[in-house]
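Everything in the sequence shown is counted per my numbering, starting at 3 for the first residue and increasing by one. Take a look at the structure set out below.
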Amino acid sequence: MAKKLPQSILFCCDHNAVRSPMAEGIMKRFYGGNVYVQSAGIRNDLEVDGFAIAVCNEIGVELSRHRSRSFEEMEKYGDQLSSFDFVVALTPASRAEAIKLTRFYHLDLEYWPITDPSAVSGNRGTRLDAYRKSRDEIIAHLVDRWGNAQMP
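Structure below.
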């Protein structure tokens with residue numbers, strides 16, 4: 003059974019370059035202005051991945067303007083972790099970091115183990131398929147948690 007949307011949600015992964023930007027963009031597209039959505043990584047040493055941009059474009063989600071940011075930068079620019087109701091970690095390392103950073107806050111933290119598509123090698127088609135699989139895993143978690151999306 004679908005749960006009520008939180009007021010604010012943070013998706014996190016290792017670099018804020020593949021999985022968490024995809025989750026942020028898809029969440030915004032599916033659930034619109036009903037929830038404040040952001041994403042961050044442990045580090046922000048990479049730009050948003052071109053394959054992530056491509057597979058999200060296939061479903062009408064724009065990621066090309068997303069700028070990667072770390073937890074540290076997020077807080078520096080005013081998005082305090084304590085202001086989020088719900089945090090979703092998409093990688094084991096981001097889960098550990100989120101647990102450490104949120105141990106003094108009252109918020110819900112879930113771990114959604116999303117496959118790392120950047121670990122797949124091969125031709126363009128093979129790599130795009132891996133990114134589609136990760137995108138679809140994110141969608142499945144969203145729909146399972148909050149019900150069918152309201153596509154604009």
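By construction, the Cβ of each residue, glycine as well, lies at the ideal position given by its N, Cα and C atoms.
Taking the alpha-carbon of residue i as reference, which of the options has the nearest alpha-carbon?
| i | options | result |
| --- | --- | --- |
| residue 56 | 110, 36 and 67 | 67 |
| residue 52 | 37, 70 and 42 | 70 |
Would you decide whether residue i is buried or exposed? Buried here means 16 or more other CB atoms lie within 10 Å of its CB.
| i | result |
| --- | --- |
| residue 23 | buried |
| residue 126 | exposed |
| residue 17 | buried |
Determine the direct distance from the alpha carbon of residue j to that of residue i, and round the result to whole angstroms.
| i | j | result |
| --- | --- | --- |
| residue 85 | residue 122 | 35 angstroms |
| residue 119 | residue 78 | 30 angstroms |
| residue 138 | residue 10 | 22 angstroms |
| residue 36 | residue 28 | 13 angstroms |
| residue 145 | residue 83 | 24 angstroms |
| residue 72 | residue 45 | 5 angstroms |
| residue 59 | residue 115 | 23 angstroms |
Taking 8 angstroms as the limit between beta carbons, can you name the residues of its chain near residue i, skipping five residues before and five after?
| i | result |
| --- | --- |
| residue 130 | 53, 56 and 57 |
For residue i, which residues of its own chain have a beta-carbon under 7 angstroms away from its beta-carbon, when the five flanking residues on both sides are left out?
| i | result |
| --- | --- |
| residue 15 | 21, 22, 43, 92, 93 and 96 |
Spatial neighbours of residue i within its chain, please: C-beta separation below 6 angstroms, excluding the five flanking residues on both sides.
| i | result |
| --- | --- |
| residue 148 | 4 and 7 |
My understanding is that residue i touches residue j, with C-beta atoms under 8 angstroms, so please give their C-beta distance in whole angstroms.
| i | j | result |
| --- | --- | --- |
| residue 89 | residue 65 | With a Cβ gap of about 20 angstroms, residue 89 and residue 65 do not count as contacting. |
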